[in-house]
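Following the working numbering, the numbering of the sequence shown begins with 1 at its first residue and continues without gaps. Even glycine gets a Cβ: it sits at the ideal position worked out from N, Cα and C. In what follows, a structure is listed as structure tokens, so that the remarks can point back to it.
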Amino acid sequence: GRDRVFYIASGQQIHERAQVINQLVPEATREYFPQLIHPDQLRHKPDQTPEAARRLARWLNGTTVGVAFGGGGARVMAHLGFLEMLEEEGLEVDEVAGASGGAVVAGMFATGMSPKQIVNFFEENAIRSKKNPLVDFTIPIKAMAAGKRFERLLKRGFHRQHVYETRIPYFPVTTDMSTGREFRPRMSEIWRAAKGSAAIPGFHPIVQLGGHLLGDGGILNNVPASVVKKFGSGAVISLNITPDPAGNRVNPDRMLSALIQGVDIMLFKSVEQHLKYTDIESRPNVDGYGTADFAAGFDLLRLGREEAERHRRDVRKLKERLDSEGF
């Protein structure tokens, strides 16, 4: 007769406690029990801080705040302006989801990096780098780019951390190229999941993970507010940096220019669904900035900050409501 059942255990005890719970399940349905505990349903409380306790309490109470990080290549720098504002206002984030380049920033934020630390990371490894992390052309057998530079950047940012053990629950969104369906890796290293989420078919090699072939998550769900809503059930903030492809300059004589325009058209078409799950949407005007335009990182950050100011009042109202409810 229970509507919801919560199982709480320490990380060291999870397997032992699961065996105990298994004995409490009716024998006729016991064989199906492992299917009921899905990795998406696990909430990891990483430490004993008040912040971690509040986050868990909001999740149990259905009053979470989640952020959906939209994809857009180098344009993800604009996300950081909004994260800075959330930090200034003291609004705690309870879960994040990201698609394509948004999965990279979401993952960094989920591991506990501050907005300033993420800005510094991109400044050192992308904005001021002499080599663009997305563009390392090769003989186009698997893809136009080898993807090795991007992989090295991700490994520097995430090391060997796994998706399921982040400080903030993290849902990287990919497209399973073998089925055409959305897939969210949970039992993967973060760098691998983020690389798969940003693997533009034909431009970067798709990523093999178990029996899945991971391609760009933006193909199906470029601003994954639906994912945040599904696993958080509270307020959703969507960070949408999808440009209007009509504002791009396309050089018909350059293959890369045509490919990037095709990607932007794809992303533009996949974002129409997210608004019905969204409470606050940030949409800075990033038209004219390209997917690989990391040299414009500080301009994009400025645009993100300007857009964030337009939503500061909405964020304050949300925080005041949560504070009044004791969270």
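Taking 8 Å as the cut-off, decide whether the C-beta atoms of residue i and residue j are in contact.
i: residue 102; j: residue 71; result: yes
i: residue 85; j: residue 283; result: no
i: residue 92; j: residue 55; result: yes
i: residue 291; j: residue 73; result: yes
i: residue 128; j: residue 241; result: no
i: residue 81; j: residue 304; result: yes
i: residue 185; j: residue 202; result: no
i: residue 204; j: residue 143; result: yes
i: residue 63; j: residue 322; result: yes
i: residue 300; j: residue 78; result: yes
i: residue 65; j: residue 318; result: yes
Kindly indicate the opening and closing residues of the beta strand (DSSP E) around residue i.
i: residue 280; result: 280-282
i: residue 172; result: 170-176
i: residue 181; result: 181-183
i: residue 95; result: 95-99
i: residue 206; result: Residue 206 -> no beta strand (DSSP E), and no H or E assigned at all.
i: residue 219; result: Segment 218-221 is the alpha helix (DSSP H) holding residue 219; no beta strand (DSSP E) there.
i: residue 214; result: 212-215
i: residue 328; result: The displayed coordinates of the chain run from 1 to 327. Any statement about residue 328 would go beyond what the structure contains.
i: residue 66; result: 65-69
i: residue 145; result: Per DSSP, residue 145 belongs to no beta strand (DSSP E) and is neither H nor E.
i: residue 237; result: 235-239
Once the 5 residues before and after residue i are set aside, which same chain residues still bring their CB inside 6 Å of it?
i: residue 244; result: 287
i: residue 237; result: 67, 280
Can you have a look at residue i and say buried or exposed, based on whether 16 or more other CB atoms are within 10 angstroms of its CB?
i: residue 95; result: buried
i: residue 137; result: exposed
i: residue 30; result: Confidence is the limiting factor: at residue 30 the pLDDT is only 48, short of 50, which leaves the residue's position unreliable, though a coordinate-based value still follows. The residue in question, residue 30, is exposed, as its Cβ has fewer than 16 Cβ neighbours within 10 Å.
i: residue 160; result: exposed
i: residue 199; result: buried
i: residue 276; result: exposed
i: residue 348; result: Here the chain has residues from 1 to 327 only, and residue 348 is not among them.
i: residue 187; result: exposed
i: residue 211; result: exposed
i: residue 325; result: exposed
i: residue 229; result: buried
i: residue 320; result: exposed
i: residue 58; result: buried
Along the chain, where does the alpha helix (DSSP H) containing residue i start, and where does it finish?
i: residue 79; result: 77-89
i: residue 117; result: 115-122
i: residue 322; result: 312-324
i: residue 157; result: 148-158
i: residue 60; result: 50-61
i: residue 225; result: 225-232
By Cβ distance, which residues of its chain are closer than 7 Å to residue i, with the 5 residues on each side in sequence left out?
i: residue 132; result: 292, 294
Beta-carbon within less than 8 Å of residue i's beta-carbon, same chain only, minus the 5 sequence neighbours each way: which residues are those?
i: residue 1; result: In this predicted model, residue 1 has a pLDDT of only 48, less than 50, meaning its place in the structure is not dependable enough to derive any value.
**Asked** For the stretch 174-194 against the stretch 213-220, are there 3 or more C-beta pairs whose distance is under 8 Å?
**Response** yes
**Item:** Cβ contact check for the stretch 178-185 and the stretch 139-148: 3 or more pairs under 8 Å
**Value:** no
**Message:** Three or more C-beta pairs under 8 Å: does that hold for the stretch 186-199 against the stretch 222-229?
**Reply:** Result no; under three Cβ-Cβ pairs closer than 8 Å.
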